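In what follows, a structure is listed as structure tokens, so that the remarks can point back to it.
2 protein chains.
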Amino acid sequence: MAKPHIRLSVDAVVFGYESQNGLSVLLIKRNIDPFKGGWAIPGGLVKENENLEDAVQRELKEETGIKVNYLEQLYTFGDLHRDPRNRVVTVAYYGLVQPSKFQLAAATDAEEAQWYNIDQLPKLAFDHDKIIDVAIQRLRSKISYQPIGFELLDEKFPFSELHKLYECLKGVPIDRRNFKKKFMQLEILEELSEKRKIGKGRPGSLFKFHQKKYFSLVKKGMVFEV
Amino acid sequence: MAKPHIRLSVDAVVFGYESQNGLSVLLIKRNIDPFKGGWAIPGGLVKENENLEDAVQRELKEETGIKVNYLEQLYTFGDLHRDPRNRVVTVAYYGLVQPSKFQLAAATDAEEAQWYNIDQLPKLAFDHDKIIDVAIQRLRSKISYQPIGFELLDEKFPFSELHKLYECLKGVPIDRRNFKKKFMQLEILEELSEKRKIGKGRPGSLFKFHQKKYFSLVKKGMVFEV
DNA sequence: GCAAAAGTGTTCCTTTTACACCCATGC
DNA sequence: GCATGGGTGTAAAAGGAACACTTTTGC
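Quick note, the sequences are listed as chains A and B, same order. Mind the numbering: the first sequence is residues 1 to 226 in the working numbering, read in order. Mind the numbering: the second sequence is residues 1 to 226 in the working numbering, read in order.
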């Protein structure tokens, strides 16, 4: 018998957001043991000559058909028996996808991928519940000091969507006027002349995150903090 | 030839602090290739049935004789060619040691371990300069919202030591009175009746971090923020 | 015309900053 | 008695929280 060695995998907690449904996580149904038939976050073994991030994107594409544009390393989970069969250490990432990419392409081989609201998660394989917990915590706190929330919204969004997103992630009501004042003072949003057409009530302007401006302001010492 | 596989290692950035010398990092001189004779942070391959943190503590003991009481996972570095010979993915940690344990025991097999001020680091093996950079950034920011600074001070310390530590880590002068007011309002320091004897000038009271009180206040919703 | 969502400013209170003098000790 | 570091409070400014009415649209 060959000397056993530690296997290295990557896993990804992919978040999606819709103002009606709140925050969701992308899960897949496992079709191999262990935990065959159970739900898990996408992931798999890293190849010998593949960067960690590439491995994540490859697994995401293979298993769910999705490509995330925001991806950040979360934590590495290495407990001895987190995989019941072999020693597998996993580098967990979390990713954010925009609503327009949120619908799973039916045409992929990912028939068994599904979004689950974070308050209605099924029982999960391995320590994936723990990984998701850590990811939620990270997302919740990071959104306050890094402008990553936009990765969960479409490119153009009415201000109320941004407001709802922050209320959802922080889990507390936020005064609409104070929030807008604070955000607009940052000067990183571009107000478009377009208005949102759909829905009831008075249509609101659409906004865009002005990333270039954000980076140049950061260089000048601006601190994002909401 | 056997199929190659990814190797997994751990590395540790161990910080020490003294008010005269500022912040230092513990380095070892490598006695094997690659980078034989060069400086590196302590670390090594993880064993088949060993947790990641245990691996870090074991390597630290073997290579430097030091045991840290604060240890936190930093980031996992997995670039393809970070090790010139094999694919090695490393889980980096950072640790904090108190000044009284700061002196390296001469009696260990760690003759080649040495403290280096973070502003006077030598050229480093692998991507260890990058790892140290990330660790410094993490420490700098984390000290503002987690009471980890005490791990860099002796158990009993005059308030001025805490003050100097924060000035050193944040890299800016901090008003002595405002800093003390803010910290004392947190009610997590215990003022001892002892005074510091050494040195010139008026002796100051010694303080202790009251960890139990800190945890109970956190449960009640207190937020540490300095 | 009514229901639904968007837009907008002011006041109050809390928090943060700036700042200077006296005190205890060693030499 | 002088040099060194420790101890303490107040006033001004800035930032955050609370809060209500008007406007535009669809039905």
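Where is the CB? At the ideal position from N, CA and C, for every residue including glycine. Since the model is a prediction, treat every value here as computed from it, not as a measurement.
Using a CB distance below 7 Å, the part of the segment 75 to 96 of chain B facing chain A consists of Tyr75, Thr76, Gly78, Asp79, Leu80, Arg87, Val89, Val91, ordered along the chain. Under the 7 Å criterion on CB atoms, Ile41/A is classed as non-interfacial with respect to chain B. The beta carbon of His5/A falls within 7 Å of a beta carbon belonging to chain B, placing the residue at that interface.
DSSP places Asp133/A inside the alpha helix (DSSP H), whose first and last residues are 128 to 142.
In this structure, DSSP gives Leu169/A a helical state, which the three-state scheme calls helix. Take the alpha-carbon of Leu52/B and the one of Arg202/A: they are about 56 Å apart. The beta carbon of Asn31/B sits no closer than 7 Å to any beta carbon of chain A. Bridge pairing for Pro158/A: Leu206/A [DSSP]. Taking 7 Å as the threshold, the shortest C-beta distance from Glu48/A to chain B falls below it. As computed with DSSP, Val14/A is found in a beta bridge with Gly95/A.
Using a Cβ distance threshold of 7 Å, Val97/B and Ser9/B do not count as a contacting pair.
The beta carbon of Leu8/A falls within 7 Å of a beta carbon belonging to chain B, placing the residue at that interface. In this structure, Leu169/A lies away from Trp115/A, with their beta-carbon atoms at least 7 Å apart. The beta carbon of Arg82/A sits closer than 8 Å to the beta carbons of Val88, Thr90, Phe126, Asp127 from its chain, once the five residues preceding and following it are set aside; these are given in chain order. Boundaries of the alpha helix (DSSP H) harbouring Val218/B: 211 to 219, taken from the DSSP string. Under the Cβ distance rule, Leu52/A counts among the residues neighbouring chain B, one pair being separated by less than 7 Å.
In the DSSP assignment, Phe183/B falls within the alpha helix (DSSP H) that extends over 176 to 186. Identification of residues in the segment 58 to 75 of chain A having a C-beta nearer than 7 Å to some C-beta of chain B yields Gln73, Tyr75, given in sequence order. Within the same chain, Cβ atoms closer than 6 Å to the Cβ of Ile143/B are found at Gly149, Leu169, the five residues on either side in sequence being excluded. DSSP places Lys29/A inside the beta strand (DSSP E), whose first and last residues are 22 to 29. With respect to the 7 Å criterion, Gly43/A and Asp79/A are not classified as neighbours on the basis of their beta carbons. Straight-line spacing of the CA atoms in Met222/A and Ser216/A works out to 9 Å. Take Phe157/A, set aside five residues on each side of it, and the residues of its chain with a beta-carbon closer than 7 Å to its own are Leu206, Phe207, in chain order.
Beta-bridge partners of Ser9/A (DSSP): Leu45/A, Thr90/A.
Inter-residue distance for Gly95/A and Glu63/A is about 15 Å (C-alpha atoms, whole angstroms). Under a 10 Å Cβ-count criterion, Ala2/A is classified as exposed, with fewer than 16 other Cβ atoms of the shown protein chains found around its own Cβ. Just measuring C-alpha positions, the residue of Ile6/B, Phe159/B, Glu167/B, Lys219/B sitting nearest Arg85/B is Ile6/B. In the DSSP assignment, Glu194/A falls within the unbroken beta strand (DSSP E) covering 189 to 195. Rounded to whole angstroms, Gly37/B and Leu60/B show a C-alpha spacing of 18 Å.
Straight-line spacing of the CA atoms in Gln57/A and Leu104/A works out to 16 Å. Within the DSSP bridge table, the entry for Leu71/A names Gly95/A as partners.
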